[in-house]
Amino acid sequence: MVWQPTATTAIDFNRAWRFRVTAVRVGMFEMIALLAAWMYLPMGLQWSINQIDPTSAFDLEKTPLAGAGIQIAGTLLLLLYVTKVRGHHIAYLGFEKPHWPSDAIFVAVVTAVAGAVYASIIAILAGLIVWQPDLFGAKSIDPVVDVLRRNFGVAHINWQTVLYMALFAPVMEEIWFRGWMYPVVRKHFNAAFSIIAVALIFGFAHGTLPIPVSQIIGGLVFTFAYEKRPTIFVPLVLHMLGNGSLLLSSWLLSL
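Here the working numbering = 1-based position in the sequence shown + 270.
#1: Does DSSP put K367 in a helix, a strand or coil?
#2: Taking only the alpha-carbon atoms, compute the straight-line gap between N460 and V291 and give it to the nearest angstrom.
#3: Leaving aside the five residues before and after I427 along the sequence, list all residues of the same chain whose C-beta is less than 8 Å from its C-beta, in chain order.
#4: Expressed to the nearest angstrom, what Euclidean distance is found between the alpha-carbon atoms of L335 and Y434?
#5: Give a yes or no on whether the C-beta atoms belonging to L305 and W450 are separated by under 8 Å.
#6: If we ignore side chains and look at the alpha-carbon of each, how far apart do R288 and G337 end up?
#7: With DSSP run on the structure shown, which of helix, strand or coil describes L527?
#8: Taking all protein chains shown into account, decide if V377 is buried (16 or more other Cβ within 10 angstroms of its Cβ) or exposed.
#9: Can you tell me whether L517 is helix, strand or coil according to DSSP?
#10: Give me, in chain order, the residues of the same chain whose beta-carbon lies closer than 7 Å to that of K457; leave out the 5 immediate sequence neighbours on both sides.
#11: So is S326 buried or exposed if we call it buried at 16+ other beta carbons inside 10 Å?
#12: Cα separation between F365 and T493?
#13: Which value, in whole angstroms, describes the spacing of the CA atoms of M298 and V454?
#14: Taking buried to mean at least 16 other C-beta atoms within 10 Å of its own C-beta, is P505 buried or exposed?
#15: Between the alpha carbons of L349 and F447, how many angstroms are there, rounded?
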């Protein structure tokens, strides 16, 4: 069965997923192998540079566009692999036409709810930090700001970071985690398990913290959105808004 775009008329999205999982040709091992290769490309670049010149000041965290170039190439290869090798339509990766205004309303509602939950978690965390600062490893005079900066902030903000987080990262991560990974997981498991599993892998794949709270919350929101509105543009917009909030919070915490 070849994956074709869904009709642009009214859609039963649950039926759309039932159709999708029967059309998936990609195996679990195949999906994991390509995803892992793409994820570790920047790390491989950093390691190679360090091996060639141990004194090099090159740091991908400060110059994210260098790693993004490799990941963009990997993402383009994935598009070719899915369409030319696997024979799927590009819609396999979620490139379905958005259904406005219903998708816009969905994005607005999810953004409002997720924002409220996110703010509540930060408020609760701030209270716990004040109560038990040692438990959270607070090291500065202002333990709340210290811990929040490490959990909900961005280490280095410059024009490259803004461009990467606002544009390149959301596009590539949605293609890989929602477009590439989710249909394969969804084929073998129910919606709830698939959403949680993909969200956890998405969160821990960032590798920034022992428990990446912000990324896991984002993963839950983006994957839930893709389950309910199976066009990649819905979680993509949410992802851009989420990364924008991280950049804004980082700027506010740096004041």
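Virtual Cβ for every residue (Gly too), placed ideally from N, Cα, C.
Checking against the coordinates, here is how it stands:
#1: For the purposes of this step, residue 367 is taken as the residue at position 97 of the sequence shown. Residue state, collapsed to three classes: coil.
#2: Translated into positions along the sequence shown, residue 460 becomes position 190. Translated into positions along the sequence shown, residue 291 becomes position 21. Taking the straight line from one Cα to the other gives about 11 Å.
#3: Translated into the one-based positions of the sequence shown, residue 427 becomes position 157. Beyond the five residues adjoining it in sequence on each side, I427 comes within less than 8 Å, by CB distance, of L517, S520, W521 and S524 in the same chain, given in chain order.
#4: Locating residue 335 in the sequence shown gives position 65, counting from the first residue. Locating residue 434 in the sequence shown gives position 164, counting from the first residue. In this model, L335 and Y434 are separated by some 6 Å (Cα to Cα).
#5: If you number the sequence shown from 1, residue 305 lands on position 35. If you number the sequence shown from 1, residue 450 lands on position 180. Yes; because the gap between Cβ atoms is below 8 Å, this pair is in contact.
#6: Residue numbering aside, residue 288 sits at position 18 when the sequence shown is read from its first letter. Residue numbering aside, residue 337 sits at position 67 when the sequence shown is read from its first letter. When the Cα atoms are used, R288 and G337 turn out to be separated by approximately 36 Å.
#7: The first residue shown for the chain is 271 and the last is 525, placing residue 527 beyond what the model contains.
#8: The sequence position of residue 377 within the sequence shown is 107, counting from 1. Buried, by the Cβ-count rule.
#9: Residue mapping note: residue 517 aligns to position 247 of the sequence shown, counting from 1. L517: helix per DSSP, three-state reduction.
#10: Translated into the one-based positions of the sequence shown, residue 457 becomes position 187. Take K457, set aside five residues on each side of it, and the residues of its chain with a beta-carbon closer than 7 Å to its own are V291 and V294, in chain order.
#11: Along the sequence shown, read from residue 1 onward, the residue named residue 326 stands at position 56. S326 counts as exposed, since fewer than 16 other C-beta atoms from the protein chains shown sit within 10 angstroms of its C-beta.
#12: For this step, residue 365 is matched to residue 95 along the sequence shown. For this step, residue 493 is matched to residue 223 along the sequence shown. Cα to Cα, the separation comes out at about 15 Å.
#13: Within the sequence shown, the letter at position 28 stands for residue 298. Within the sequence shown, the letter at position 184 stands for residue 454. Take the alpha-carbon of M298 and the one of V454: they are about 6 Å apart.
#14: Reading the sequence shown from its first residue, position 235 is the one you call residue 505. Residue environment: P505 is assigned as buried (16 or more neighbouring CB atoms within 10 Å of its CB, all protein chains considered).
#15: Indexing the sequence shown from 1 puts residue 349 at position 79. Indexing the sequence shown from 1 puts residue 447 at position 177. About 14 Å.
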